[in-house]
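Below is one structure, written out as structure tokens; the observations come after it.
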């Protein structure tokens, strides 16, 4: 699918559950390959553990594709990487990563490697894209940035059925950003609700030949529809309250309340100053009547 590039580096697995990574890149990208060789192995182990993959499988090819190359042109202009799980192939476009060359190319690598391991854990059986992307998001990103993306993905837009989510990914960068944020949030919620091994149990069921919805229900004890409804009940705050809290009406009320508080405090300060002046005047009058 992608032509081998001149610079090749092998990164052997450090644990039985990790596959070997084989980097291919043009010579000028050698420093980036060296960076990726130093990726935190515990983060890679986290990917393998979450998917429940006990056997690492064959090496994974990781191609660093320059902008304008045939490999880069296979992805939309806003894409920073992609993977072919069945082929064990990961392609990264470093120049498209935000903050290149200083920021998080490593997370992009983890995200795409996760897709390969998910495919292997499911024995290449079909998996909904929202679940595939959600698991990859759960292992490659974390923290405040993800929460912020989720807030903006849900504010005022209502619930989006998981069955419809797969069709949102190809619609452009903004639509895809929402789809990624929601997918990651659903999977993180599943992990919080059902334990760290829920992803592995779902993938094992799918890998055994069960339809995804059946594998999901056996692993979680509830149907996909019931889980989806529970997730959106949790997210209901963002859809009902955040639009109000960011509305012009709320901002007007907030400004008015702050003005009233400021006025009351000013009156209190003025009253305190007047009392102090009155006390000083009384003190001065007493001094005028003193005789030594």
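Numbering (the working numbering), first residue to last: 954 to 1245.
Glycine is no exception: its CB is placed at the ideal position from the N, C-alpha and C atoms.
In this text, all values refer to a predicted model and were calculated from it rather than measured experimentally.
- Shown here, residue 1226 sits in a helix according to DSSP, grouped into three states.
- According to DSSP, residue 1035 shares a beta bridge with 1044.
- Take residue 1035, set aside five residues on each side of it, and the residues of its chain with a beta-carbon closer than 6 Å to its own are 1028 and 1044, in chain order.
- With respect to the C-alpha of residue 1181, the residue from 1115, 1159, 1144 and 1008 having the closest C-alpha is 1115.
- The criterion of a C-beta distance shorter than 8 Å is satisfied by residue 1006 and residue 1070.
- Less than 8 Å divides the Cβ of residue 1083 from the Cβ of residue 1136.
- With contacts defined as CB atoms closer than 8 Å, residue 1016 and residue 1033 fail to qualify as a contacting pair.
- Rounded to whole angstroms, the separation of the alpha carbons of residue 971 and residue 1009 is 5 Å.
- If the five residues before and after residue 1133 are omitted, its C-beta is found closer than 7 Å to the C-beta atoms of 1086 and 1090, all from its own chain and listed in chain order.
- Per the coordinates, the alpha-carbon of residue 1023 lies some 11 Å from the alpha-carbon of residue 1046.
- Sequence-distant Cβ neighbours of residue 1000 in its own chain, meaning closer than 7 Å and more than five residues away, are 1063, 1066, 1067, 1070 and 1092.
- For the pair residue 1003 and residue 1153, the CB atoms are nearer than the 8 Å cut-off.
- Counting other Cβ atoms within 10 Å of its Cβ, residue 1169 reaches 16 or more and is therefore classed as buried.
- Under a 10 Å Cβ-count criterion, residue 976 is classified as buried, with 16 or more other Cβ atoms of the shown protein chains found around its own Cβ.
- Counting only the Cα atoms, residue 1117 lies some 23 Å from residue 1030.
- Taking C-beta atoms as the reference points, residue 1039 and residue 1018 fail to come closer than 8 Å.
- In terms of Cα proximity to residue 1048, the closest of 1037, 1143, 1014 and 981 is 981.
- Residue 1077 holds the alpha-carbon nearest to the alpha-carbon of residue 1160 among 1219, 1122, 1077 and 1058.
- Around the C-beta of residue 1219, fewer than 16 other C-beta atoms lie within 10 Å, and the residue is accordingly described as exposed.
- No residue range can be given for residue 1080, since it is assigned to no alpha helix (DSSP H) and is classified by DSSP as neither H nor E.
- For residue 1013, the closest alpha carbon among the candidates 1057, 1060 and 1042 is that of 1042.
- Ranking 1026, 1061 and 1226 by CA distance to the CA of residue 988 puts 1061 first.
- Cβ contact annotation for residue 1184 (same chain, cutoff 7 Å, sequence separation greater than five): 1139 and 1142, in chain order.
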